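Right, dumping it as structure tokens:
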């Protein structure tokens, strides 16, 4: 029996990490605190923290709007 992770799953987690890093870099580049960035994104600071750490990701429609705002 094999416990190998399919290659597609690895790509998905890498993409999520890249997005989380882009979100964090956008916040730092604009000198926003997590609270300030959360207000701009219309989310809670806790949600922003989860996104930046890659533990959660916004739903598709929210993701599109956020990508436009942060320029990704």
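Numbering (my numbering), first residue to last: 44 to 115. C-beta atoms are modelled at their ideal positions from N, C-alpha and C, and glycine is treated no differently. Just so it is clear, the structure is predicted and the values come from calculations on it, not from any experiment.
Using a 10 Å radius around the Cβ and a threshold of 16 neighbouring Cβ atoms, would you call residue i buried or exposed?
i, result
"residue 84", "buried"
"residue 70", "buried"
"residue 95", "buried"
"residue 81", "buried"
Rounded to the nearest angstrom, what separates residue i and residue j at their Cα positions?
i, j, result
"residue 111", "residue 88", "20 Å"
"residue 103", "residue 109", "10 Å"
"residue 77", "residue 57", "23 Å"
"residue 55", "residue 97", "For residue 55, the pLDDT reaches just 46, beneath the cut-off of 50, and the residue's location in the model is therefore unreliable, leaving the point undetermined."
"residue 86", "residue 66", "13 Å"
If you follow the alpha helix (DSSP H) that residue i is in, where does it begin and where does it stop?
i, result
"residue 73", "Segment: none, residue 73 is in no alpha helix (DSSP H) and carries neither H nor E."
"residue 85", "Looking at the DSSP string, residue 85 is not in any alpha helix (DSSP H), and its letter there is neither H nor E."
"residue 105", "103 to 113"
Closest to residue i by C-alpha separation, out of the options, would be which residue?
i, options, result
"residue 75", "92, 61, 60", "92"
"residue 64", "100, 105, 107", "100"
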